[in-house]
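S.K.: One line per chain: the protein sequences are S and X, in this order.
Residues in the first sequence are numbered consecutively from 1, following our numbering.
Residues in the second sequence are numbered consecutively from 397, following our numbering.
Cβ atoms here follow ideal geometry from the backbone N, Cα and C, with glycine treated the same way.
Please read all numbers here as calculations on a predicted model, not as lab measurements.
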Amino acid sequence: MILKIFLKELKDTLRDRRTMMTMLVIPLLLFPVIMNIFISVSEDFQTEAATKKIKIGMVGPSNNQVLKDLNDIPQVIGEKEIIFYKDTLALLSDLEKDSIQLGLVVPKNIIQKLADLSSVKIKMYHNATDMGMQQRAESYMKIIEEKERYNRYDLLKVDVSKINPITTEYVNIASEKEMIGKLAGGILPYIFIAFGFIGCMYPAIDLFTGEKERGTMETLLTTPVTRWQILLGKMGVVVLSGITAATCALLGLFISIEVMDLIPNKEILGIVHSILSPGFVVMLYSLLIPLTVFFAGVMIPVAIYAKSFKEAQSIITPLNIVMVLPAMVGFFPGIELNAITAAIPVVNVVLATKELIAGTLEFGLITISFTVMVGLAILAVLVSYKRFDKETNIIS
Amino acid sequence: MIQVENLFKEFELTRQQRKELGTTDKKAIPVNGISFNCEPGKIFSLLGPNGAGKTTSLRMLATIFKPTSGTIKIAGVDAIKNPSEARKKIGFLTGSTGLYARLTPNELIKYFADLYNVQSNDFEKRKERLYSLLDMHDFQDKRIGKLSTGMKQKVSICRTMIHDPEVVIFDEPTSGLDVITAENIIQLIRDCKIEGKTVIFSSHIMSEVDLLCDELAIIHKGNLLFNGSMENFRSEMRAPNLTAEFIRIVQNSSTLEL
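In structure tokens form, the structure reads like this:
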């Protein structure tokens, strides 16, 4: 009987455009669309910033060494035009008006100072809101500083190795897989939690508050089916919708990676492919299914209590933030799965998924996380039943 | 057969409900120890003004609500101890009954037949009979949301009768319907009587009661003010017509309370 109710509710839900949008269309298209826009805008910007011909204002002697070095820098970094100013005020005024993009103030005595092997302080003005200009200025100055340093080494006949007594080579013992897991692994459970919650939301409201509002709940309760069976049949659809929405979102992300070449590094792409093994997917869903049941169990009592679709929506929507906030823990690199965090709902799923991706998951900790989530899911079902069994709640 | 003995229902009132009702009482008693019997082949009417306790009583008969005390027997089954068994024998229709707008009549009728565990052979026969009787063939595959009120009412009737219930409960079944659509319901109630089913319906429209019922109970503020045959009601009348007599009885009970 639960299956009959489940199938009917599923058919009903699949014919609801609003649910289909939140369950399939939005999660599936969101990432490819956002990634597409982000990548194309970012590529356009990078190309434009790299090739943009910029005007560099300069205050200082006309034959100074910095000017010569600047002119020697190849145009590959980007075309440039140097304009001389008599004073700093005029240079800054033009920089503010964006007539020039960088302003270089070189001391009058630079030639003498360099000849005396003294240190020279140069000021490079830039507008930080003009994206890419600071990077351009830094790359110019790095080249000039290096060139002048090596000139001085030659002049003093200094062996470079003698002034660098220690050279440290940093060797990372973490595998690429571990790095991806610990640093970027938080995004996967975050997406699942965010979309899983939204995916559960509309069916939960529609199948409980909606039925009350439309007057169909009363009819259903006069059939020989028990309230347990009705609740479980409906809850099954809510959970399935949540899992489908989350899966579609992850699928959307995967499509973005594969089709839009989101990860140009073939080695990292290979690692990402190796992470997504059938075993990983099974482990991931064994954590995420109880989480989705928990979500459904949080929403259903609210949906049963609410008298209208609007009321249910206004209570459940803020709950979304409460549920998604702990998921952000996954973005903090220092927080790890241990005996304490494994007992904190939502947080444990996020951290366990990160460990799972990194391949560093301890069996004991995943058992605690899984047990906590299953326990919570059972509790959520019992609370839902208690609400559903309360006669004043089920009739509008 | 419906047998009701000392039926009593008490609801806890929330703070908001107390505010809305303008009362300080922590409990509401919509049904206060009523008893009556409805016999097969007869139409029993539960008559009362708004808020009298009719809907609560019928919801208890339909096992949606659990009584605080008292007994209910539906076709010999104790509806309190064995609600699932009692529900198999009940068909329930209200004026505010909703239908699943995204399903077709065929899908909806099959769904309810499945919930009542109707055997496939019986289902096909009953469906065909009801579809012909209610002239439903033309719209059986259209989404219910796109049907007219009259068509929807026919689907509701079909849904109520698909498991061939022994007892049919109608809660203000014609409320909000136009005359032509209401006529379908009135015809259904008559057909149920002819088929020997036990029929109980609630109403606050005296003309409807006069037209259909054999037995009558008047309920007001949860108390039973009259219980007997329509014949007795007419013979004991002190007012010039049925509506006036109904009002007189209700007002008299209110005066006595004061």
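Would you mind stating whether X:G618 and X:V427 have Cβ atoms separated by less than 8 Å?
M.R.: Result yes, Cβ atoms of X:G618 and X:V427 sit closer than 8 Å.
S.K.: Indicate whether S:F309 and S:E213 have their beta-carbon atoms separated by less than 8 Å.
M.R.: Cβ atoms of S:F309 and S:E213: closer than 8 Å.
S.K.: Could you work out which residues of chain S lie near X:F461, taking near to mean beta carbons separated by less than 7 Å?
M.R.: Under the 7 Å cutoff, chain S gives E391.
S.K.: S:F388 to S:M235, Cα distance in whole Å?
M.R.: Looking at the two C-alpha atoms, the distance is approximately 11 Å.
S.K.: S:V324 and S:I193 - do their beta-carbons sit closer together than 8 Å?
M.R.: Yes, the Cβ-Cβ distance between S:I193 and S:V324 is below 8 Å.
S.K.: Alpha carbon to alpha carbon, how far is X:E591 from S:L438? Give it in angstroms, no decimals.
M.R.: Given that chain S is displayed from residue 1 to residue 396, the structure contains no residue 438 of chain S and the question cannot be resolved.
S.K.: Counting Cβ pairs, one atom from each stretch, are 3 or more of them under 8 Å apart for the segment 454-466 of chain X and the segment 167-179 of chain S?
M.R.: Too few Cβ pairs lie closer than 8 Å, so no.
S.K.: Which residues does DSSP pair with S:Q134 in a beta bridge?
M.R.: Bridge partners of S:Q134: none, in fact.
S.K.: From which residue to which residue does the alpha helix (DSSP H) around S:V76 run?
M.R.: No alpha helix (DSSP H) contains S:V76, which DSSP labels as neither H nor E.
S.K.: Do you know offhand how far S:E145's Cα is from S:S118's?
M.R.: C-alpha separation (whole angstroms): 13 Å.
S.K.: In the DSSP assignment, the beta strand (DSSP E) including S:C248 goes from what residue to what residue?
M.R.: From DSSP, S:C248 is part of no beta strand (DSSP E) but of the alpha helix (DSSP H) over R227 to V259.
S.K.: From the DSSP output, in three-state form, read off S:G103 for me.
M.R.: S:G103: strand per DSSP, three-state reduction.
S.K.: Closest Cβ-Cβ distance between S:V374 and chain X: below 8 Å?
M.R.: Taking Cβ atoms only, chain X never reaches closer than 8 Å to S:V374, which makes this a no.
S.K.: At 4 residues or longer, what runs of the alpha helix (DSSP H) sit wholly inside the segment 437-461 of chain X?
M.R.: List check, alpha helix (DSSP H) in window: 450-457.
S.K.: Pick out the complete beta strand (DSSP E) segments inside the segment 600-649 of chain X, 3 residues or longer, and give them in chain order.
M.R.: Here the runs fully enclosed are 611-616 and 619-625.
S.K.: To the nearest angstrom, how far is the alpha carbon of S:V293 from that of X:L489?
M.R.: Approximately 34 Å between the Cα atoms of the pair.
S.K.: Can you round the beta-carbon distance between S:L102 and S:H126 to whole angstroms, since I take them to be within the 8 Å contact cut?
M.R.: At roughly 5 Å, the Cβ-Cβ gap stays under 8 Å, so S:L102 and S:H126 are in contact.
S.K.: Note down the Cα distance separating S:A342 from X:K469, rounded to an integer number of angstroms.
M.R.: Going from the Cα of S:A342 to the Cα of X:K469 covers about 53 Å.
S.K.: State the beta-bridge partners of X:F432 as determined by DSSP.
M.R.: Answer is X:V400.
S.K.: Is the segment 328-346 of chain S in contact with the segment 152-170 of chain S, if contact means three or more CB pairs nearer than 8 Å?
M.R.: Touching, no.
S.K.: Would you verify that the beta carbon of S:P333 is, or is not, closer than 8 Å to some beta carbon of chain X?
M.R.: It does not; no Cβ of chain X falls within 8 Å.
S.K.: What residues from chain S crowd round X:R483, counting only those whose CB sits closer than 7 Å?
M.R.: Neighbours of X:R483 on chain S, chain order: T222, T223 and P224.
S.K.: With burial defined as no fewer than 16 other Cβ atoms inside 10 Å of the residue's Cβ, what is the status of X:T410: buried or exposed?
M.R.: So X:T410 counts as exposed.
S.K.: Taking the CB atoms as reference points, tell me whether S:V66 and S:I110 lie closer together than 8 Å.
M.R.: Yes. Within cutoff.
S.K.: May I ask which residues mark the beginning and end of the alpha helix (DSSP H) holding S:H273?
M.R.: Run containing S:H273: K266 to I275, per the alpha helix (DSSP H) assignment.
S.K.: So is S:T404 in contact with chain X if we call contact Cβ pairs under 8 Å?
M.R.: Only positions 1 to 396 of chain S appear in the structure, and residue 404 of chain S is not among them; the question remains open.
S.K.: What do you get for S:K108, buried or exposed, if any count of 16 or more other CB atoms within 10 angstroms of its CB means buried?
M.R.: Answer is exposed; the Cβ neighbour count stays below 16.
S.K.: Measure the Cβ-Cβ separation of S:F331 and S:G186 and say whether it is below 8 Å.
M.R.: Yes, the pair counts as a contact, with Cβ atoms nearer than the cut-off.
S.K.: Give the residues of chain X in contact with S:G215, contact being defined as C-beta atoms less than 8 Å apart.
M.R.: By Cβ distance, chain X contributes T490, S492, T493 and G494.
S.K.: How should X:H616 be labelled, buried or exposed, when 16 other C-beta atoms within 10 angstroms of its C-beta is the threshold for buried?
M.R.: Its Cβ being crowded by 16 or more others within 10 Å, X:H616 is buried.
S.K.: Please determine whether the Cβ atom of X:K469 lies at a distance below 7 Å from any heavy atom of the ligand MG.
M.R.: What this structure holds is no ligand at all, so the ligand MG is not there to describe.
S.K.: List the residues that DSSP assigns as beta-bridge partners of X:A424.
M.R.: For X:A424, which the question treats as bridged, DSSP gives the partners X:F407.
S.K.: Is it buried or exposed for X:R455, if we count other Cβ within 10 angstroms and need 16 for buried?
M.R.: That one is buried.
S.K.: Hey, could you find the ends of the alpha helix (DSSP H) S:D94 is sitting in?
M.R.: T88 to E96 is the extent of the alpha helix (DSSP H) around S:D94.
S.K.: Find out if the Cβ-Cβ distance for the pair X:Y512, X:H559 is shorter than 8 Å.
M.R.: It is a contact, given that the beta carbons lie within the stated cut-off.
S.K.: Take S:I83 as the anchor and find which of S:K97, S:V76 and S:S62 has the nearest alpha-carbon.
M.R.: Out of S:K97, S:V76 and S:S62, S:S62 has the C-alpha closest to the C-alpha of S:I83.
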